[in-house]
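Q: Chains as they are written, first to last, in numbering that gives the first Met the number 0: chain A, 0 to 307; chain B, 0 to 439. Quick reminder that beta carbons are idealized off the backbone N, C-alpha and C, glycines included. Just dropping this structure here.
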Amino acid sequence: MSKQLTLSVSPHIHSGRSTWRIMLDVIIALLPATVAGCVIFGLRALAVIALTVASAVGFEALFNLITKKKQTIGDLSAIVTGLLLALNLPANIPLWQCVVGALFAIIVVKCLFGGLGCNIVNPAITARVFMLVAFGSMTKAALPTIVDTVAGATPLAPEAATSLGDLFLGLHGGAIGETCAVALLIGFIYLLVRRVISWHLPVVFIGTVFAVSFFLEGMNAVAALSAILSGGLLIGAIFMATDYVTSPATAWGKVLFGVGAGVITVLIRYYGVYPEGVSFAILLMNIVTPFIDSWTKHKVFGKGGKKA
Amino acid sequence: MAFSLHGVHVPHRKNTANSSAVYVDPPKTVTIPMSMHIGAPAKPCVKVGDLVKVGTLIAEAGGTVSVPMHASVSGKVVKIADYLTSAGSTVPAIVIESDGEMTPDEALTPPVVDSKDSLIQAIKNAGVVGLGGAGFPTHVKLNVDPARIEQLVINCAECEPYVTSDTYTMLTRTEDMKTALEAFKTYMGIKHIVIGIESNKKAAIKSMMQLMKDTCQGCKVDVKVLPAKYPQGGEKVLIYHTTGKVVPTGKLPIDVGCVVLNCTTLAAIGSYLATGMPLVKKCVTVDGGAVKNPQNVIVPVGMSMADVFEACGGLTSEPSKVIYGGPMMGVTVPDTSAPIMKNTNAILALTAKETKLPATTPCIRCGSCTNTCPFGLAPAEIAKAYDRKDAVKLEELSLATCMECGCCSFICPANRPLVQTNKLAKVFVREEKAKEEGKK
Ligand code: SF4
Ligand code: SF4
Chain A
0 MSKQLTLSVS PHIHSGRSTW RIMLDVIIAL LPATVAGCVI FGLRALAVIA
50 LTVASAVGFE ALFNLITKKK QTIGDLSAIV TGLLLALNLP ANIPLWQCVV
100 GALFAIIVVK CLFGGLGCNI VNPAITARVF MLVAFGSMTK AALPTIVDTV
150 AGATPLAPEA ATSLGDLFLG LHGGAIGETC AVALLIGFIY LLVRRVISWH
200 LPVVFIGTVF AVSFFLEGMN AVAALSAILS GGLLIGAIFM ATDYVTSPAT
250 AWGKVLFGVG AGVITVLIRY YGVYPEGVSF AILLMNIVTP FIDSWTKHKV
300 FGKGGKKA
Chain B
0 MAFSLHGVHV PHRKNTANSS AVYVDPPKTV TIPMSMHIGA PAKPCVKVGD
50 LVKVGTLIAE AGGTVSVPMH ASVSGKVVKI ADYLTSAGST VPAIVIESDG
100 EMTPDEALTP PVVDSKDSLI QAIKNAGVVG LGGAGFPTHV KLNVDPARIE
150 QLVINCAECE PYVTSDTYTM LTRTEDMKTA LEAFKTYMGI KHIVIGIESN
200 KKAAIKSMMQ LMKDTCQGCK VDVKVLPAKY PQGGEKVLIY HTTGKVVPTG
250 KLPIDVGCVV LNCTTLAAIG SYLATGMPLV KKCVTVDGGA VKNPQNVIVP
300 VGMSMADVFE ACGGLTSEPS KVIYGGPMMG VTVPDTSAPI MKNTNAILAL
350 TAKETKLPAT TPCIRCGSCT NTCPFGLAPA EIAKAYDRKD AVKLEELSLA
400 TCMECGCCSF ICPANRPLVQ TNKLAKVFVR EEKAKEEGKK
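Structure below.
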């Protein structure tokens, strides 16, 4: 035999899952919301998305170039971060702010912490919060361009009175990708089918928000339903909170994360100074994830006698 | 049993499951290494030039944890060479030139077994080791107080992809299995026999049901049909799924009253008890994308892989890896001169396509590894602790529990070398402990 046989440690076959494919699946799952956002908010939304994604990828490439690291943009994670950030921005945001947001997400939150897998908090969420605090970007959300309603600010603002149907279709003010519930749910189903994420975290997160809102609204189911359909809850629970890197590994860990994030979201919505609490809630839960992970480890088989 | 343990759904690729095994023509030479088992190497008791027949003793057990070796062809001893084992040690290997006759040694007669001790001695004389993979001398495993054995578990899971040689045993060697089981019942007082088998082997399940029906006289029998989920045949996994018992870390099956024997091991014992012919031939699954005619073959121990592939029509393309055993836990070889061992159940010549791995990226903390590990270990954490060279943390993470089944590496989307890291980490912890001991 002429060619050298490969020597390697077992196993010699692989499931075929890959980081690249998972990232691609997330991008695919975000497409319905991306398209919906462009339809609802018009060309300006498309510009925001394109610029933010391009900046995110560009900054990561540049960082790797300058620090002489192996190029990593091929793993598609920068596109995911850029797209998620863009979908969390209002369509009327000044374009330069998109670039700054992408810079913050990629360089400060991701690369400086060591790149993919090493960041402590989710880059897109953190950048969103940073922009909210720094620019107040999110307080005056864009309005849909395809309807001529004067719905005011986002439905979470006091003067809001959006019908459940409009909430479901996303015909109201808000960030580009967060308003269309239908599109987000399609993405959720895709992620479940592809087994990219498990149901635990999003379902518990959204369920908790529903339950607590229901209670605080005096057992009003319609109000609770509109609470879960408005703001950034769906996109946050389905796409941002489930980020592998910054959420717990085990099913019970995900449940804990979901409950915590749900409660914090509602508390901020009701008692905080900002109208929306999802980002803050996820950010806070990102920070406690290492603790959740250590509390919810699997019991090792045969350790200390019996298996749980 | 409350929960079933995690695992992975591996592709079965049991292409050879329905093929009856073919006897191949004896090779020109066989190379019989003195170490095909865990424990001390055997000591050669023949010289160059000696004439041997099939079954002739050529090496004696090198200690308590060791087994004797026997000639697998008739012919002449031509060389006693050095042989480098895959574990990295050098042992002698006896090379026999075949006369092409395969004449059995006429001195072989069925052993006289009338007690537990004579049964154990017979198993030792048969040269039988664990044929499911590990190659641990079977007589050592069985040499326990029979009163401690609550269940004899027969491992018929055969969970590795491609491999079907145990299926062959189950379909065609039930007589041998029965002979061995009857001896265990009579001389070791076995009261409960449990068979663990994966649900995808319909014909074998039927055959095992019949075997249990025939063996149930004075003994409780069970055939547990288990999901075809890797690593169902892992010893501790099988015990848990068939008996509900948890073998604690660092303990042996016998500590929970179980003895596990692979079905082919059992058949090898039975065949010796019935005929006196020791373990000198093996049914081996020959498969992989590079093999022209994948099939099960019956070959003498010591036949080179190259000769076996040749007997299966040769290789159609350059394999990228050639391995002993299944693709999940098998061992790669540097070249195909490597001989068939007693515990070789398959040899695979895999193409680059079959062994394709995704790109390695940093760990994305997806949790798949820990959620897949049958023992609930956290391979990603173990890797981090090993990077920091933190022996204390490694012990805390129960590194020693890892059975190196490969589920974690198989599932990891970042293609982290998790099993490899666990192996290295185990060596590291052992060295650290040795250092500690040295200081005291
Ligand atoms: S499966 Fe791989 S990528 Fe996922 S947590 Fe484990 S080591 Fe990291
Ligand atoms: S850590 Fe060990 S026991 Fe667990 S899946 Fe990986 S190889 Fe198997």
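Note down, in chain order, each residue of its chain lying with its Cβ closer than 6 Å to the Cβ of Gln-150 (chain B), except the 5 sequence neighbours on either side.
A: These residues qualify, in order along the chain: His-191, Val-193, Thr-242 and Cys-257.
Q: With respect to the beta strand (DSSP E) encompassing Glu-197 (chain B), which residues constitute its N-terminal and C-terminal limits?
A: Looking at the DSSP string, the run of the beta strand (DSSP E) that includes Glu-197 (chain B) is 191-197.
Q: Distance, Cα to Cα, Ala-307 (chain A) vs Leu-115 (chain A)?
A: Reliability fails at Ala-307 (chain A), whose pLDDT of 36 lies under 50, so the model's placement of it is uncertain and no value is given.
Q: Report the rounded CA-to-CA distance for Lys-140 (chain B) versus Thr-249 (chain A), giving the unit in angstroms.
A: Between Lys-140 (chain B) and Thr-249 (chain A), the C-alpha separation is close to 37 Å.
Q: Using 8 Å as the cut-off, classify the Cβ of Thr-249 (chain A) as near or not near the heavy atoms of ligand 2, replying yes or no.
A: The answer is no for Thr-249 (chain A).
Q: Is Asp-144 (chain B) helix, strand or coil by DSSP?
A: Of the three classes helix, strand and coil, the one that applies to Asp-144 (chain B) here is coil, per DSSP.
Q: Taking 9 Å as the CB-CB cut-off, is Phe-374 (chain B) touching chain A?
A: Taking Cβ atoms only, chain A reaches closer than 9 Å to Phe-374 (chain B), which makes this a yes.
Q: What residues of chain B sit near His-13 (chain A), judged by a beta carbon separation below 9 Å?
A: In chain order: Thr-354, Lys-355, Leu-356, Pro-357, Ser-408, Phe-409, Ile-410, Cys-411 and Asn-414.
Q: Check whether chain B comes within 9 Å of Phe-18 (chain A), counting only Cβ atoms and requiring the distance to be less than that.
A: At residue 18 (chain A) the sequence reads Thr, which differs from the Phe that was named. Yes, because at least one Cβ of chain B sits closer than 9 Å to the Cβ of Thr-18 (chain A).
Q: Is Val-277 (chain A) near Ser-212 (chain A), with beta carbons less than 9 Å apart?
A: No.
Q: Would you identify the three-state DSSP class for Glu-435 (chain B), choosing helix, strand or coil?
A: It is helical.
Q: What does Pro-122 (chain A) touch in chain B if you count any residue whose Cβ is under 7 Å from its own?
A: None at all; the shortest Cβ gap to chain B is about 13 Å.
Q: Specify the secondary structure class of Leu-210 (chain B) as computed by DSSP and reduced to three states.
A: In the structure shown, Leu-210 (chain B) sits in a helix (DSSP, three-state: H, G or I).
Q: Starting from the Cα of Arg-387 (chain B), find the closest Cα among B:Thr-359, B:Ser-408, B:Thr-420 and B:Asn-292 and give me that residue.
A: Closest option to Arg-387 (chain B), Cα to Cα, is B:Thr-420.
Q: Among B:Val-220, B:Pro-67, B:Glu-159 and B:Leu-251, which one has its Cα closest to the Cα of Ala-121 (chain B)?
A: For Ala-121 (chain B), the nearest C-alpha among the options comes from B:Pro-67.
Q: Mark Thr-89 (chain B) as exposed unless 16 or more other C-beta atoms lie within 10 angstroms of its C-beta, in which case mark it buried.
A: The residue is exposed, with fewer than 16 neighbouring Cβ atoms inside 10 Å.
Q: With Ala-180 (chain A) and Leu-228 (chain A) assumed to form a contact (beta carbons below 8 Å), what rounded beta-carbon distance in angstroms separates them?
A: Contact flag correct, Cβ pair sits at about 5 Å.
Q: Using C-beta distances below 7 Å, list every residue in its chain close to Gly-437 (chain B), excluding the 5 sequence neighbours before and after it, in chain order.
A: Contacts found: none.
Q: By the three-class DSSP mapping on this structure, what secondary structure does Ser-303 (chain B) have?
A: It is a strand residue.
Q: Within its chain, find whatever has a CB closer than 8 Å to the CB of Asn-342 (chain B); leave out the 5 residues flanking it on each side and keep chain order.
A: Here the set comprises Met-35, His-36, Val-128, Gly-129, Leu-130, Gly-131, Gly-132, Ala-133 and Gly-134.
Q: Which bits of chain B does Thr-5 (chain A) rub up against, with CB to CB less than 7 Å?
A: Here the neighbours are Ser-319, Lys-320 and Thr-331.
Q: Rounded to a whole number of angstroms, what is the C-alpha to C-alpha distance between Ala-433 (chain B) and Leu-393 (chain B)?
A: C-alpha separation (whole angstroms): 15 Å.
Q: Under 7 Å, CB to CB, which of the residues in the stretch 248-269 of chain A have a partner in chain B?
A: Per Cβ criterion, the list reads Ala-248 and Thr-249.
Q: Should Val-296 (chain B) be counted as a contact of ligand 3 given a C-beta to heavy atom distance under 8 Å?
A: Ligand 3 is absent from the structure shown, which contains only ligand 1 and ligand 2.
Q: Report yes or no: is there a C-beta of chain A within less than 9 Å of the C-beta of Ser-367 (chain B)?
A: Yes - at least one Cβ of chain A is within 9 Å of the one on Ser-367 (chain B).
Q: For Thr-248 (chain B), would you say it is in contact with chain A, using Cβ-to-Cβ distances shorter than 9 Å as the test?
A: Closer than 9 Å to some Cβ of chain A, the Cβ of Thr-248 (chain B) qualifies, so yes.
Q: Determine the direct distance from the alpha carbon of Ser-397 (chain B) to that of Lys-302 (chain A), and round the result to whole angstroms.
A: Cα to Cα, Lys-302 (chain A) sits roughly 8 Å from Ser-397 (chain B).
Q: Pull out every residue of the stretch 28-58 of chain A whose Cβ sits closer than 7 Å to any Cβ of chain B, in chain order.
A: If the cut-off is 7 Å between Cβ atoms, the stretch 28-58 of chain A has nothing near chain B.
Q: When DSSP labels each residue in this structure, what does Gln-419 (chain B) get in the three-state scheme?
A: In the structure shown, Gln-419 (chain B) sits in a helix (DSSP, three-state: H, G or I).
Q: Can you find a heavy atom of ligand 2 that lies under 8 Å from the Cβ of Leu-376 (chain B)?
A: Result yes, Cβ under 8 Å from ligand 2.
Q: Quick one, are the C-beta atoms of Pro-160 (chain B) and Pro-373 (chain B) less than 9 Å apart?
A: Not in contact: Pro-160 (chain B) and Pro-373 (chain B) (Cβ atoms no closer than 9 Å).
Q: Would you check if the distance between the CB atom of Ile-297 (chain B) and the CB atom of Val-23 (chain B) is smaller than 9 Å?
A: A contact, by the Cβ cut-off of 9 Å.
Q: Pop quiz: His-199 (chain A) and Gly-257 (chain A) are said to be a contact at Cβ under 8 Å. What is the actual Cβ separation, rounded to whole angstroms?
A: That pair is a contact at about 7 Å.
Q: What residues in its chain sit with their C-beta under 6 Å from that of Glu-353 (chain B), if we drop five residues either side in the sequence?
A: Closer than 6 Å at Cβ, skipping near neighbours: Gly-288.
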